[in-house]
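Heads up: the structure comes next, in structure tokens.
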Amino acid sequence: MQLPEQYFAWIVIRPRRYETDGALCPNAASCPRSTRGFSVSDFIRIENLHYTYGADTDHAVVALRGIDLSIAQGEYIAIMGHNGSGKSTLARCLNGLLTPTQGTVYVDGLNTADEQALFDIRRRVSMVMQHPDNQFVSTVVEHEVAFGPENLGLPRVELVERVDQALEQTGLINLRHRDPRTLSAGQKARLAIADMLAMRPEYLVLDESTILLDPLSRESIHELLAQLNARSMGIIHITHQVEEAAAAKRMIVLQQGQVLVDDAPLSAFAQASELGLGIGQPAPMALAERLRQRGLAIELVLTTANLITALQQAEALL
Amino acid sequence: MASFASLRNISIGQYHPGDTVFHLLDARVKLSAFILALVVIVIASSYSANILLLVLFLAAMYAARLSPRETLASLGPALPLIAMFALLQLLFYGQGPAESRIVLDWGPVIISTAGIQLVVVSVMRLFSLLFATALLTNTTTVSALTQGMEQLLSPLSRIGLPGHELAMVGAIALRFLPILGEQMAVISQAQMLRGVDEESGGRWRIVQNARRLATLIVPLFVDAYRRSGEMTEAMLTRCYRGGRGRTHLYEPKLSSRDLTSSLVCLAFSGIVIWIAYSPLP
Amino acid sequence: MSQSAIQVSNLQHIYMPGTPEAFQALYDASLTVAQGSITALAGESGAGKSTLALYLCGLLRPTKVGQVRIFDRDMAQSSPGRDVGLVFQYPQQQLFERYVGDDIAYGPRKMGLADTTLTERVGWAMEMVGLDFEAFVDRETFSLSGGEMRRAALAGVLAMQPHILVLDEATTGLDPAGQSLIHRVMRELRDNLGTTVLLISNDMDEIAELADAVVLLHQGRTIAEGAPREVLAEETRLNACSLVRPTPMRILAEAGRAGFTVSQSALSLDEAEEELWQALHR
Numbered sequence: 645m646q647l648p649e650q651y652f653a654w655i656v657i658r659p660r661r662y663e664t665d666g667a668l669c670p671n672a673a674s675c676p677r678s679t680r681g682f683s684v685s686d687f688i689r690i691e692n693l694h695y696t697y698g699a700d701t702d703h704a705v706v707a708l709r710g711i712d713l714s715i716a717q718g719e720y721i722a723i724m725g726h727n728g729s730g731k732s733t734l735a736r737c738l739n740g741l742l743t744p745t746q747g748t749v750y751v752d753g754l755n756t757a758d759e760q761a762l763f764d765i766r767r768r769v770s771m772v773m774q775h776p777d778n779q780f781v782s783t784v785v786e787h788e789v790a791f792g793p794e795n796l797g798l799p800r801v802e803l804v805e806r807v808d809q810a811l812e813q814t815g816l817i818n819l820r821h822r823d824p825r826t827l828s829a830g831q832k833a834r835l836a837i838a839d840m841l842a843m844r845p846e847y848l849v850l851d852e853s854t855i856l857l858d859p860l861s862r863e864s865i866h867e868l869l870a871q872l873n874a875r876s877m878g879i880i881h882i883t884h885q886v887e888e889a890a891a892a893k894r895m896i897v898l899q900q901g902q903v904l905v906d907d908a909p910l911s912a913f914a915q916a917s918e919l920g921l922g923i924g925q926p927a928p929m930a931l932a933e934r935l936r937q938r939g940l941a942i943e944l945v946l947t948t949a950n951l952i953t954a955l956q957q958a959e960a961l962l
Numbered sequence: 177m178a179s180f181a182s183l184r185n186i187s188i189g190q191y192h193p194g195d196t197v198f199h200l201l202d203a204r205v206k207l208s209a210f211i212l213a214l215v216v217i218v219i220a221s222s223y224s225a226n227i228l229l230l231v232l233f234l235a236a237m238y239a240a241r242l243s244p245r246e247t248l249a250s251l252g253p254a255l256p257l258i259a260m261f262a263l264l265q266l267l268f269y270g271q272g273p274a275e276s277r278i279v280l281d282w283g284p285v286i287i288s289t290a291g292i293q294l295v296v297v298s299v300m301r302l303f304s305l306l307f308a309t310a311l312l313t314n315t316t317t318v319s320a321l322t323q324g325m326e327q328l329l330s331p332l333s334r335i336g337l338p339g340h341e342l343a344m345v346g347a348i349a350l351r352f353l354p355i356l357g358e359q360m361a362v363i364s365q366a367q368m369l370r371g372v373d374e375e376s377g378g379r380w381r382i383v384q385n386a387r388r389l390a391t392l393i394v395p396l397f398v399d400a401y402r403r404s405g406e407m408t409e410a411m412l413t414r415c416y417r418g419g420r421g422r423t424h425l426y427e428p429k430l431s432s433r434d435l436t437s438s439l440v441c442l443a444f445s446g447i448v449i450w451i452a453y454s455p456l457p
Numbered sequence: 084m085s086q087s088a089i090q091v092s093n094l095q096h097i098y099m100p101g102t103p104e105a106f107q108a109l110y111d112a113s114l115t116v117a118q119g120s121i122t123a124l125a126g127e128s129g130a131g132k133s134t135l136a137l138y139l140c141g142l143l144r145p146t147k148v149g150q151v152r153i154f155d156r157d158m159a160q161s162s163p164g165r166d167v168g169l170v171f172q173y174p175q176q177q178l179f180e181r182y183v184g185d186d187i188a189y190g191p192r193k194m195g196l197a198d199t200t201l202t203e204r205v206g207w208a209m210e211m212v213g214l215d216f217e218a219f220v221d222r223e224t225f226s227l228s229g230g231e232m233r234r235a236a237l238a239g240v241l242a243m244q245p246h247i248l249v250l251d252e253a254t255t256g257l258d259p260a261g262q263s264l265i266h267r268v269m270r271e272l273r274d275n276l277g278t279t280v281l282l283i284s285n286d287m288d289e290i291a292e293l294a295d296a297v298v299l300l301h302q303g304r305t306i307a308e309g310a311p312r313e314v315l316a317e318e319t320r321l322n323a324c325s326l327v328r329p330t331p332m333r334i335l336a337e338a339g340r341a342g343f344t345v346s347q348s349a350l351s352l353d354e355a356e357e358e359l360w361q362a363l364h365r
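Residue numbers (our numbering), protein chains in the order written: chain A, 645 to 962; chain B, 177 to 457; chain C, 84 to 365.
Below is the structure:
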């Protein structure tokens, strides 16, 4: 599904605000650096983040233990890790659904611990969760998409425009009068994304949102994500699927609430398997590695297309 | 299959898409009419007034293309309880007002004409109430309903009461009702497969069913808790902060149709109340 | 010599018939599952897979149209009883007792097991799913983590030792460790106890790796039934069900298109590796 350029025209890089002095900083190069070594041009900045569920009770569960991350505008990041590694907790810290028990999270210079800033943080970072059924507020698709922008207090003209565009982008425009409950699983997942696109956020966080989909519906979501990112919307995709992670440009692996790997997917997968993290490997990469172990001089690759090229190169050398 | 599975079929509270007059009416009109209907149902205690009410509601249901049978089916699981209360009323109501005749006098059990009337009228009222609820909820979307309630409650906001929030809570509860019903059916099925007793006597074996219900409540509660948590997060993520500063995709305007319907409702209410106070039985 | 454990023919199902919300989930579903096999059932979401599962475990009964036979008994007349165990996608749906041990023991206790046989059975089921007996038997069920809850739910069904185990998307959304655990359990049940497993899944790589046979369901109709190597190779038909070929096959197909002489029927990475190795040294 290729969409016309006009549907993405609204994704623009806005000038950013900084917590340090509240001033605008037009380009990253001229910005001062903060004490912890992060560039203040980072869109999301996480410093020594700890999170404990039920911190003041006797059955406290530690979910995050000291995370430092800096995320620039418009990145495409995959977060992997076992069940219980803290992925979802981290996602919920990104837009202030959870407030750190220790450390700080800044979004566009705004501190997520600051109640007053939450509204502005959440309009910048949207999150799509696993079960669309539990996210839908309304019983009509177009009202459902309008819910977020309505909360922003936008004038009617803009509400209509945003709803139309979000539905167009997700291919749901013909279903605008339907009840979300009657949609197929794939359509529901698209609607959950449309809900967030209508917010026109700078970052879209997906918390295992493609799990319940059949393979082709999942692929169409991947295409949509790639298109959004190509137009500089930031994507953070929490997933167990190695193929989904391979589509990202940066991959972070969590274990027991700590970042163990943070690199481009290819080397991230290599490091993860070296550390024995058991998150799996994309099939093309696994095949290249096996062939290499059998003595073939072949590059490590992530995608099938690259595997074929690498095979051709290896064949030429033989 | 278990009668719990029939909870899947609860039709009250779900929007049934359509284009009848009822669907097109402004939510404020429907809400006001609903409240008026409640008042009339409470006032009308005679046979004749209640028969007229039921006839009017059935006609309205027909006009809104809703099935009365389906609406009453929502009552399913609660039926034994209702029957039990009705029976207790009938047996132990006593003589009531002096003009009431005693039909049966058998120790503590006294069945009088007043007792019979009370039970029969109560059942009729219950039916009217269900039809009124169905007419409102089956023809109005949650967003329209919320917005309507909000507008009607807006005078309250001025004195500091949370009009929008009250409306939102009501609307979301309605939306979750069928999901919870469905969940209850699935949980009950899963448990039957593990050997939890299947009901052999159906819905009338009250004690067994009550015990059975207890094993359902905990998982259902856990599930509902998880869902409401996710719903809260999803709403917060979308910058929800109550009614403050919210705008609306559609700003409903009252039309002449809304005015006419309001007048018709008022007229019918007047007639029913007049009959209720007339000497007719 | 394999006999059939499940036989479904021309099954139809309509939800809420006669209401405006009537919905036909099954039009013409037919399938045969060989005894002691792992058979996969795949199809787009809404294809009717879960409805079919409800028939197999007796929660729905065939009425007029269609037939369901389990171990040659007609399900219109009898019920599968303890023959069929069903594992749901969400463990919260099938757990209910306060303590893990009680929950797992519930089924076998209802079957008449008691004392040491009961404890042994519970211990066996917990061992199968990798839950330590001492550590978990007295834990509160709803305080378990998501992964542990899944294991407890599976153990609760295994403890009844059903002859047929139906897993309704029970591997969906698990991390690789959780998935391989369930895969190991499925294989052990088939190989050691002769259990018949019906795996409802849309994970094509999982199906390719595990299944002895595959059934494709599309809009309530069976559209293919047979050996994985054949059924999983038909791209157009799979795409119609919103499915794709398993990854090894897709990679080999790409290699073939690029001029390598490879057979495209590989189901596992081992086979794909061998094919590519041979192609390079030809």
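For each residue, glycine too, the CB sits at the ideal point set by N, CA and C.
query: Who are the neighbours of Val-394 (chain B) on chain C, taking C-beta pairs under 7 Å?; result: Phe-179
query: Could you tell me if Asp-665 (chain A) is buried or exposed, where buried requires 16 or more neighbouring beta carbons within 10 angstroms of its beta carbon?; result: Below a pLDDT of 50, predicted positions are generally treated as unreliable, and Asp-665 (chain A), at 39, falls in that range; no measurement from the model is reported.
query: Assign Ser-432 (chain B) to one of three DSSP states: helix, strand, or coil.; result: helix
query: When we look at the beta-carbon of Thr-756 (chain A) and count the other beta-carbons within 10 Å, is it buried (16 or more) or exposed?; result: buried
query: Measuring only the C-alpha atoms, how far is Ala-320 (chain B) from Ala-203 (chain B)?; result: 6 Å
query: What number of angstroms, rounded off, separates the C-alpha of Val-433 (chain B) from the C-alpha of Arg-402 (chain B)?; result: Checking the displayed sequence, the identity of residue 433 (chain B) turns out to be Arg instead of Val. C-alpha separation (whole angstroms): 43 Å.
query: Using a C-beta cutoff of 8 Å, does Lys-147 (chain C) count as contacting chain B?; result: no
query: Considering only DSSP beta bridges, list what His-694 (chain A) is partnered with.; result: A:Arg-709 and A:Gln-746
query: Grab me the residues of Ala-954 (chain A)'s own chain with a C-beta within less than 7 Å of its C-beta, minus the 5 sequence neighbours each way, in chain order.; result: Ala-932, Ile-942, Glu-943 and Val-945
query: What do you reckon, are the CB atoms on Arg-192 (chain C) and Leu-178 (chain C) nearer than 8 Å?; result: no
query: Between the stretch 919 to 952 of chain A and chain C, which residues of the former have a C-beta closer than 8 Å to a C-beta of the latter?; result: Gly-922, Ile-923, Gly-924, Ala-927, Pro-928, Ala-930, Leu-931, Arg-934, Leu-935, Arg-938, Leu-940, Thr-948, Ala-949, Leu-951 and Ile-952
query: Can you tell which of A:Pro-776, A:Glu-786 and A:Phe-791 has its C-alpha closest to the C-alpha of Arg-767 (chain A)?; result: A:Phe-791
query: For Ile-688 (chain A), list the residues DSSP reports as bridge partners.; result: A:Ile-715 and A:Val-751
query: If you check the beta carbons only, do His-884 (chain A) and Leu-869 (chain A) fall under 8 Å apart?; result: no
query: Based on Cα-Cα distance, which residue from B:Gln-323, B:Leu-328 and B:Leu-396 lies nearest to Leu-353 (chain B)?; result: B:Leu-396
query: Any chance the stretch 105 to 124 of chain C sits against the stretch 166 to 184 of chain C, with 3 or more Cβ pairs inside 8 Å?; result: no
query: Beta-carbon within less than 7 Å of Glu-308 (chain C)'s beta-carbon, same chain only, minus the 5 sequence neighbours each way: which residues are those?; result: Leu-114 and Val-298
query: Residues of chain B with a CB under 9 Å from the CB of Lys-193 (chain C): which are they?; result: Arg-370, Gly-371, Val-372 and Asp-373
query: Could you tell me if His-821 (chain A) is buried or exposed, where buried requires 16 or more neighbouring beta carbons within 10 angstroms of its beta carbon?; result: exposed
query: Please list, in chain order, the chain A residues whose beta carbon lies closer than 7 Å to that of Ser-319 (chain B).; result: Ser-782, Val-784 and His-787
query: Touch check for the stretch 143 to 162 of chain C and the stretch 89 to 102 of chain C: three-plus C-beta pairs under 8 Å?; result: yes
query: Check the Cβ-Cβ distances between Glu-406 (chain B) and every residue of chain D, and say whether any is below 8 Å.; result: Here chain D cannot be found, since the structure's protein chains are A, B and C.
query: Here's the rule: buried if 16 or more other CB atoms are within 10 angstroms of the residue's CB, otherwise exposed. What is His-340 (chain B)?; result: buried
query: Please confirm if Asn-727 (chain A) has its CB atom under 8 Å from at least one CB of chain C.; result: yes
query: List, in chain order, every chain A residue whose beta-carbon is nearer than 9 Å to that of Phe-343 (chain C).; result: Ile-952, Leu-955, Gln-956 and Glu-959
query: Less than 8 Å between the beta carbons of Arg-304 (chain C) and Tyr-98 (chain C), yes or no?; result: no
query: Tell me the residue span of the beta strand (DSSP E) that contains Leu-94 (chain C).; result: 87 to 98
query: What are the complete alpha helix (DSSP H) segments, minimum 4 residues, inside the stretch 784 to 837 of chain A?; result: 785 to 795 and 800 to 813
query: Consider the Cβ of Ile-363 (chain B): report whether some Cβ of chain A lies at a distance smaller than 8 Å.; result: no
query: Taking a cut of 8 Å between CB atoms, which residues from the stretch 846 to 876 of chain A lie near chain C?; result: Glu-852, Ile-855, Leu-856, Leu-857, Asp-858, Pro-859, Leu-860, Ser-861 and Glu-863
query: Can you tell me which of A:Ala-914, A:Phe-780, A:Val-807 and A:Glu-719 puts its alpha carbon nearest to the alpha carbon of Ile-348 (chain B)?; result: A:Phe-780
query: Take the Cβ of Arg-334 (chain B) as the centre, count every other Cβ of all protein chains shown within 10 Å, and call the residue buried at 16 or more, exposed below.; result: exposed
query: By DSSP's criteria, Gly-239 (chain C) is part of a beta bridge. Which residues make up the other side?; result: DSSP output for Gly-239 (chain C) lists no bridge partner at all.
query: Roughly how many angstroms lie between the CA atoms of Gln-86 (chain C) and Pro-245 (chain C), to the nearest whole one?; result: 17 Å
query: Given a cut-off of 8 Å, decide if Ala-958 (chain A) and Leu-352 (chain C) are closer than it, judged by their beta-carbon atoms.; result: no
query: With a Cβ-Cβ cutoff of 8 Å, do Leu-282 (chain C) and Ala-112 (chain C) count as a contact?; result: no
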